[in-house]
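A.B. asks: Going left to right, the sequence shown walks through residues 1078 to 1356 as my numbering numbers them. Take a look at this one; I'll ask things after.
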Amino acid sequence: MQKSFKFFFAIMSLPLLFSCERATDGAIFVLMQNADHDPSFEADYSSWDKLARKQSAEDILYRVNHDEDVVFAFIDDECVSCKTLLESAGKTLYEAKFDISYIDGDTRAAADVISRYCIENKLTRTFTHPMTGDTPSMYVMSKTSVVELVYGFSSGDTKIVETAIKHYCGLGSVHRSSDINRFKTTISKEAAPFYVLDGDTKNYFYESIYPKARETNKKFYVLDIKDISKDDEDLLSFSTEIGTSELAGKIVKTTIESGNAIKYEVVQNNSSFIEEYFA
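Shown next, in the form of structure tokens:
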């Protein structure tokens, strides 16, 4: 695969997607954050699977189609510049807490799928190079816009990555986790309701919860168990702790009581709870 060694940070006026105290001139995307990046755990961005989560082009477009804004990268294990990006800018990406995805393997085929989507849906594209899957390259994408953040990388480009992330990426109030023990540590410090998402229940989250969650500053968590076996000991233990035999598709309220004990309460009517909580 061709390796590119240029970096681009595009500053131009794009549609204002979200406003907050950090807003600047340009597109501010509302990104789902990653609750796994809890400060009580050692920061580890030594490999892409520790910094981000592997997804397909179809996974990313599913999220975009359901109004989630996504940061994703095309990478290759043999790509020297991909390793340099981790070594030099991994800390910046990690501390941003964004739920970053990466695509490896046949990145050109994946890029073709995403590029066709962008063209067919007339997304505003801010590129210096065609999206071809060259590695490393990184983008932030919404339902209306896609912006090239990185195209190739050298160790001197770290500061520009920081600037690009701050310019284009806003902070959302929705946090995703796929590690049960880290998730429990996170909510033990700041109680907030959470939704348990698996392959059969993800549609409900994106259609009924996420659109409301992204419009409010109220914190909300997602425990993503799509890749966790139903026989996993940690999952079974957590189900018992919460008091339900089936977690998928449930909203759970949490309360921190005296002595820092956590009280879990399974919501009986998701729709009523959502309307009230996000009112």
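For each residue, glycine too, the CB sits at the ideal point set by N, CA and C.
Are the beta-carbon atoms of T1221 and L1248 separated by less than 8 angstroms?
C.D. replies: No, Cβ-Cβ distance for T1221 and L1248 is not below 8 angstroms.
A.B. asks: Using DSSP with H/G/I as helix, E/B as strand and the rest coil, what is G1247?
C.D. replies: Residue state, collapsed to three classes: strand.
A.B. asks: Is it buried or exposed, Q1345, if we count other Cβ atoms within 10 angstroms and call 16 or more buried?
C.D. replies: Exposed: under 16 other Cβ atoms inside 10 Å.
A.B. asks: So, helix, strand or coil for D1126, using DSSP?
C.D. replies: The answer is helix: DSSP assigns D1126 an H, G or I state.
A.B. asks: How far does the alpha helix (DSSP H) with I1196 in it reach, from first residue to last?
C.D. replies: 1184-1197 is the extent of the alpha helix (DSSP H) around I1196.
A.B. asks: Can you grab the Cα-Cα spacing for the pair E1353 / E1172, in whole Å?
C.D. replies: Cα to Cα, E1353 sits roughly 32 angstroms from E1172.
A.B. asks: What whole-angstrom Cβ distance do V1251 and F1297 have, given they're in contact under 8 angstroms?
C.D. replies: The Cβ separation is near 5 angstroms, so the contact holds.
A.B. asks: If you check the beta carbons only, do F1151 and G1210 fall under 8 angstroms apart?
C.D. replies: Yes, the Cβ-Cβ distance between F1151 and G1210 is below 8 angstroms.
A.B. asks: So what does DSSP say about I1152, is it helix, strand or coil?
C.D. replies: If DSSP states are grouped into helix, strand and coil, I1152 belongs with coil.
A.B. asks: Would F1118 be called buried (16 or more neighbouring beta carbons within 10 Å of its own) or exposed?
C.D. replies: Exposed: under 16 other Cβ atoms inside 10 Å.
A.B. asks: Of all the options Q1132, D1115, R1140, L1108, which has the alpha carbon lying nearest to the alpha carbon of Y1283?
C.D. replies: When only C-alpha atoms are compared, the closest one is R1140.
A.B. asks: Going straight from the alpha carbon of V1343 to that of G1320, what length do you get?
C.D. replies: Near 8 angstroms, if we compare the C-alpha coordinates of G1320 and V1343.
A.B. asks: Quick check: L1108 and D1176, are their CB atoms within less than 8 angstroms of each other?
C.D. replies: Taking 8 angstroms as the Cβ cut-off, L1108 and D1176 qualify as a contacting pair.
A.B. asks: Alpha carbon to alpha carbon, what distance is there between H1114 and I1264?
C.D. replies: So the two alpha carbons sit approximately 12 angstroms from each other.
A.B. asks: Report the partner residues of T1203 according to the DSSP bridge assignment.
C.D. replies: Per DSSP, V1224.
A.B. asks: Please work out which residues of its chain come closer than 8 angstroms, Cβ to Cβ, to A1120, disregarding the five sequence neighbours upstream and downstream, and give them in chain order.
C.D. replies: Once the five neighbours on either side are set aside, the close Cβ partners of A1120 are H1114, K1168, Y1171, E1172.
A.B. asks: For D1102, which three-state DSSP category applies?
C.D. replies: Reliability fails at D1102, whose pLDDT of 41 lies under 50, so the model's placement of it is uncertain and the value that follows must be treated cautiously. Coil.
A.B. asks: Need the endpoints of the beta strand (DSSP E) that S1178 sits in, please.
C.D. replies: Segment 1178-1180, the beta strand (DSSP E) holding S1178.
A.B. asks: For S1255 and D1136, I'd like the C-alpha separation in whole angstroms.
C.D. replies: When rounded, the distance between both Cα atoms is 16 angstroms.
A.B. asks: Does S1133 get closer than 8 angstroms to chain D when you measure Cβ to Cβ?
C.D. replies: This model lacks chain D altogether; it includes just one protein chain.
A.B. asks: Could you tell me which residues DSSP puts in a beta bridge with I1043?
C.D. replies: No statement about residue 1043 is possible, as the shown extent of the chain runs from 1078 to 1356 and does not include it.
A.B. asks: Look at Q1110 and S1178 and say whether their C-beta atoms are less than 8 angstroms apart.
C.D. replies: For Q1110 and S1178, no; Cβs fall outside 8 angstroms.
A.B. asks: Here's a check: name, in chain order, each residue in its chain whose Cβ is nearer than 6 angstroms to the Cβ of A1290, leaving out the five neighbours to either side.
C.D. replies: Closer than 6 angstroms at the Cβ level, and outside the excluded window around A1290, lie V1251, F1297.
A.B. asks: Do V1223 and C1195 have their C-beta atoms closer together than 8 angstroms?
C.D. replies: In this structure, C1195 lies closer than 8 angstroms to V1223 by Cβ.
A.B. asks: I'd like to confirm the pairing. Which residues does DSSP put opposite D1146 in its beta bridges?
C.D. replies: Bridge partners of D1146: L1108.
A.B. asks: To which residues of the same chain is L1163 closer than 8 angstroms at the C-beta, ignoring the five residues directly before and after it?
C.D. replies: Counting only Cβ-Cβ distances below 8 angstroms, and skipping sequence neighbours, we find Y1122, S1123, S1124, W1125, L1128.
A.B. asks: Just verifying my parser: in three-state terms, what is the DSSP assignment at R1253?
C.D. replies: If DSSP states are grouped into helix, strand and coil, R1253 belongs with the strands.
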